[in-house]
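Just so you know, we're using the working numbering here: the sequence shown kicks off at 25 and counts up by one.
First up is the structure itself, then whatever we jot down about it.
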Amino acid sequence: DVGCADWRHGCHGGAGGAVRAGGVDDLGGKLMPQENATTPLHLTNARLIDPEAGTDTLGSLTIKDGVIVARNGAAPKGAETLDCGGLCLAPGIIDWGVKIGEPGERHRESFRSAGQAAAAGGVTTIIARPDTQPAIDTPETLEFVTRRAVESVVRIRHMAALTKGRAGQEMTEIGFLLDAGAVAFSDVFHVSTNTKALARAFTYARSLGALVVGHPQEPGLSAGAAATNSKFASLRGLPGVHPMAERLGLDRDLGLVEMTGVRYHADQITTAGALPSIQRAKERGLDVTAGVSIHHLTLNDFDVGDYRTFFKLTPPLRSEDDRLAMVQALAEGVIDVVASFHTPADEESKRLPFEEAASGAVGLQTLLPAALRLVHSGDLDLPRLWRALSLNPAKRLGLPQGRLAQGAPADLVLFDPDAPFVLDRFKLASKSKNTPFDGMRMEGKVHATWVAGVQVHKG
Numbered sequence: 025d026v027g028c029a030d031w032r033h034g035c036h037g038g039a040g041g042a043v044r045a046g047g048v049d050d051l052g053g054k055l056m057p058q059e060n061a062t063t064p065l066h067l068t069n070a071r072l073i074d075p076e077a078g079t080d081t082l083g084s085l086t087i088k089d090g091v092i093v094a095r096n097g098a099a100p101k102g103a104e105t106l107d108c109g110g111l112c113l114a115p116g117i118i119d120w121g122v123k124i125g126e127p128g129e130r131h132r133e134s135f136r137s138a139g140q141a142a143a144a145g146g147v148t149t150i151i152a153r154p155d156t157q158p159a160i161d162t163p164e165t166l167e168f169v170t171r172r173a174v175e176s177v178v179r180i181r182h183m184a185a186l187t188k189g190r191a192g193q194e195m196t197e198i199g200f201l202l203d204a205g206a207v208a209f210s211d212v213f214h215v216s217t218n219t220k221a222l223a224r225a226f227t228y229a230r231s232l233g234a235l236v237v238g239h240p241q242e243p244g245l246s247a248g249a250a251a252t253n254s255k256f257a258s259l260r261g262l263p264g265v266h267p268m269a270e271r272l273g274l275d276r277d278l279g280l281v282e283m284t285g286v287r288y289h290a291d292q293i294t295t296a297g298a299l300p301s302i303q304r305a306k307e308r309g310l311d312v313t314a315g316v317s318i319h320h321l322t323l324n325d326f327d328v329g330d331y332r333t334f335f336k337l338t339p340p341l342r343s344e345d346d347r348l349a350m351v352q353a354l355a356e357g358v359i360d361v362v363a364s365f366h367t368p369a370d371e372e373s374k375r376l377p378f379e380e381a382a383s384g385a386v387g388l389q390t391l392l393p394a395a396l397r398l399v400h401s402g403d404l405d406l407p408r409l410w411r412a413l414s415l416n417p418a419k420r421l422g423l424p425q426g427r428l429a430q431g432a433p434a435d436l437v438l439f440d441p442d443a444p445f446v447l448d449r450f451k452l453a454s455k456s457k458n459t460p461f462d463g464m465r466m467e468g469k470v471h472a473t474w475v476a477g478v479q480v481h482k483g
């Protein structure tokens, strides 16, 4: 389905060539791409959500050759005009930390199905994790998944493993992986207990300017845990992990960051006790950012209820006090990035006793409506939310997306923030349907998604 696929996984060359977007939307209908990506498209009467300027204003955008060429100007001669009807038009979401099942677990999620789910959810760039089977720890594996990513209708960039086999012992060929297109390095949930090996990897990454992504957990305390330590978990007989495990793991990583000077991103901060460490690191001038998953911003440990395994996550859901602390930290800028941490799991791995069930939930298609809960509650405005969903990930990863400025890539999402619906997990485009939001009332529907000026979803 591709004429020139460079734009899909961020390679140089822009959106040249004829590109056709396939797939289906969340209602089963065919996607409706723009017939000629070189014809100017004028989007008028839209609420422009600009995270860079922090504004929410009525205006228009003009797109040509895959980029934004004008804002609030007249429609150029021969342009196709679309009246947005006062709906919100924002930069496409950059979802950092998405698990795709290729290679090794294609039955859970493929590049094609992940791309369809992303487009339906307003996600225009996926930052894929390296915890595949085998791990993305060699240039050859990275080149393989980059070629496979052509099947997606959205852009896909890949992180690579920091250590071979994500085993925490021997560093990967960071320089060669950077040359092959890796945007960051992470062992994801495999937290190394070999601090000396980790220090060497951090030092080498620093010499190459590579970004290291850590998952802050003390692995000994976290082993075997299915929930956060609390009276609630004890009453249900669930093995728990103390929230302090996150702070202990984070403090070790930040100590290594101070020692080596590496660029560092903590992918999931979920406890109030870890926030002062992030704040102090930033105040000392360390090159540190932090993220949180949408599930930890909108759910708490009581949601586990009667052992509902769709709510089993890594790290586990935290207390309501921790959730509120995360929301406040996001509003204040201590937390920089919000992501879905999309982790597909098949029915067989979820329909098990809670302790034995696989961790994780899909989120590509539910990230936007779940995040809009924070807007409807009055905790955030749309520009502030879009800084965390789009602009900040782009800036941290050195990507040109996340902006509505002239010359920026025309990766856009048109959505109605107030449209109500009841989520039916079987209508999700992902191969796996393990969402904790199944049956919940939500607000926020995507009407259209464009990648490099090509419409890849029509709701």
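For each residue, glycine too, the CB sits at the ideal point set by N, CA and C.
For residue i, three-class secondary structure by DSSP
{"i": "TYR288", "result": "strand"}
{"i": "ILE359", "result": "coil"}
{"i": "GLY238", "result": "strand"}
{"i": "MET464", "result": "coil"}
{"i": "THR148", "result": "strand"}
{"i": "ALA221", "result": "helix"}
{"i": "GLU372", "result": "helix"}
{"i": "SER317", "result": "strand"}
{"i": "ASN416", "result": "helix"}
{"i": "PHE439", "result": "strand"}
{"i": "GLY53", "result": "Because GLY53 carries a pLDDT of 32, less than 50, the predicted location of this residue cannot be relied on, and no value is offered for it."}
{"i": "MET283", "result": "helix"}
{"i": "MET195", "result": "strand"}
{"i": "LYS188", "result": "helix"}
{"i": "ARG95", "result": "strand"}
{"i": "LYS457", "result": "coil"}
Straight-line Cα distance separating residue j from residue i
{"i": "LYS54", "j": "GLU133", "result": "With a pLDDT of only 34 at LYS54, under the threshold of 50, the placement of this residue in the model should not be trusted, and no figure is reported."}
{"i": "ALA290", "j": "GLY463", "result": "31 Å"}
{"i": "VAL280", "j": "VAL312", "result": "The residue asked about is misnamed: residue 280 is Leu in this sequence, not Val. Between LEU280 and VAL312, the C-alpha separation is close to 12 Å."}
{"i": "THR187", "j": "MET350", "result": "30 Å"}
{"i": "THR79", "j": "LEU72", "result": "8 Å"}
{"i": "PRO407", "j": "ARG224", "result": "39 Å"}
Where the beta strand (DSSP E) through residue i begins and ends
{"i": "LEU447", "result": "Unbroken run through LEU447: none, as it is neither H nor E."}
{"i": "ALA70", "result": "65–74"}
{"i": "VAL478", "result": "478–482"}
Proximity of residue i and residue j at Cβ, strictly below 8 Å
{"i": "VAL178", "j": "ALA208", "result": "no"}
{"i": "SER260", "j": "TYR331", "result": "Position check: residue 260 holds Arg in this sequence, whereas Ser was assumed. Yes, these two residues count as a Cβ contact at 8 Å."}
{"i": "HIS131", "j": "ALA103", "result": "no"}
{"i": "ILE250", "j": "PHE461", "result": "The amino acid occupying residue 250 in the given sequence is Ala; Ile does not appear at that position. For ALA250 and PHE461, no; Cβs fall outside 8 Å."}
{"i": "LEU299", "j": "ALA234", "result": "no"}
{"i": "THR148", "j": "ASP435", "result": "yes"}
{"i": "GLN389", "j": "ALA443", "result": "no"}
{"i": "PRO75", "j": "ARG411", "result": "yes"}
{"i": "PHE439", "j": "VAL470", "result": "yes"}
Assigned exposure category for residue i - 16 Cβ within 10 Å defines buried
{"i": "MET283", "result": "exposed"}
{"i": "THR473", "result": "buried"}
{"i": "PRO154", "result": "buried"}
{"i": "GLN430", "result": "exposed"}
{"i": "GLY384", "result": "buried"}
{"i": "LEU423", "result": "buried"}
{"i": "VAL480", "result": "buried"}
{"i": "SER301", "result": "buried"}
{"i": "HIS366", "result": "buried"}
{"i": "PRO339", "result": "buried"}
{"i": "ASP327", "result": "exposed"}
Span of the alpha helix (DSSP H) around residue i
{"i": "ALA114", "result": "Careful: ALA114 lies outside any alpha helix (DSSP H), inside the beta strand (DSSP E) at 112–115."}
{"i": "GLN430", "result": "From DSSP, GLN430 is part of no alpha helix (DSSP H); its letter is neither H nor E."}
{"i": "GLY199", "result": "198–203"}
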